[in-house]
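Structure first, commentary second.
Residue numbers (my numbering): 1 to 268.
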């Protein structure tokens, strides 16, 4: 029997392996003749009981085929190669620096390992037909980005975690601050205060005071007093006394007296 050593060009005709061994059916015209195919065992770098590297090329792929001990009855598929124009688009775009970028791509899933200057990192992309909306995860020197169709994005850096969505709603978690924003509405939390804002209205809360503002109107509450004002009008209430004023006019109340306009009228 004639023996065949070395590698031969073949093409995958079927991947439906009923024995579940990672086999594929291949055509190898130079050995098997035109129009004939045969089952080929895989040559994988890693395999064992319930472990291994499992990557089977789809039907129509180009494969390199060898034969065990040169016997044409025992084909082995040992690798694949691209035809003209079949190289993944990312590799075609970086042809001059192809040693700086590595890909693993199946239908709808791409893992990219890049050492390209300005774009170093790992990117995992999932798209149709696997999912309806394109998904992406990026790991680089800046941090981690999780992206849902460029509409909902989570960014994680050493100091900040930020979530954005397509309606411009954001949640930002920084070292000393948490901020939630929905268009003009904003909530900010720090170690010393809570701030609520819906322009032009704001509420500021600290350990010692709560302050509410709306345009020219202000209300401030503390352990010592309560103060309400609007432009020149002001009301201040404290345990020691209360004061109502509007420009030059004023009324002051203490536990023992009432004073109008700074002494113009005083009741004791």
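Just so it is clear, CB atoms sit at the ideal spot from N, CA and C, and this is done for glycine as well.
Quick check on DSSP: helix, strand or coil for residue 85? coil
Cβ-based burial, residue 129 [other Cβ within 10 Å; buried from 16]: exposed
Assuming residue 109 and residue 58 make a contact with CB atoms under 8 Å, what is their CB distance in whole Å? With a Cβ gap of about 13 Å, residue 109 and residue 58 do not count as contacting.
Helix, strand or coil at residue 69 [DSSP, three-state]: helix
Should residue 143 and residue 156 be called a contact, given that it needs their Cβ atoms to be closer than 8 Å? Taking a C-beta distance under 8 Å as the contact criterion, residue 143 and residue 156 qualify as a contact pair.
Local conformation of residue 214 per DSSP, three classes: strand
Between the alpha carbons of residue 122 and residue 210, how many angstroms are there, rounded? 47 Å
What number of angstroms, rounded off, separates the C-alpha of residue 72 from the C-alpha of residue 4? 7 Å
From residue 196 to residue 241, what distance separates their C-alpha atoms? 30 Å
Cβ atoms of residue 56 and residue 11: under 8 Å apart, would you say? no
With distance defined between alpha-carbon atoms, name the residue in 75, 20, 24 nearest to residue 50. 20
Quick one: is residue 207 buried, meaning 16 or more other Cβ sit within 10 Å of its Cβ, or exposed? Taking a 10 Å sphere around the C-beta of residue 207, we find fewer than 16 other C-beta atoms and assign the residue as exposed.
Would you decide whether residue 200 is buried or exposed? Buried here means 16 or more other CB atoms lie within 10 Å of its CB. exposed
If you follow the alpha helix (DSSP H) that residue 32 is part of, which residue opens it and which one closes it? 29 to 32
Cutting at 6 Å between CB atoms, please list the residues of its own chain near residue 172, excluding the five before and the five after it. Cβ neighbours of residue 172 beyond the five flanking positions: 162, 179.
Cβ shell of residue 37 (< 7 Å), same chain only, five flanking positions each side left out: 13, 25, 26, 27
Sequence-distant residues of its chain with Cβ nearer than 8 Å to residue 192 (five each side left out): Around residue 192: 206, 207.
Here's a check: name, in chain order, each residue in its chain whose Cβ is nearer than 6 Å to the Cβ of residue 217, leaving out the five neighbours to either side. Excluding its 5 nearest sequence neighbours in each direction, residue 217 has C-beta neighbours in its own chain below 6 Å: 230, listed in chain order.
Quick one: is residue 45 buried, meaning 16 or more other Cβ sit within 10 Å of its Cβ, or exposed? That one is exposed.
Who are the near neighbours of residue 8 in its chain, counting only those whose CB is closer than 6 Å to its CB and skipping five residues on each side? 28, 30, 31, 65
Which whole-angstrom value is the C-beta distance of residue 134 and residue 127, which I expect to be below 8 Å? At roughly 5 Å, the Cβ-Cβ gap stays under 8 Å, so residue 134 and residue 127 are in contact.
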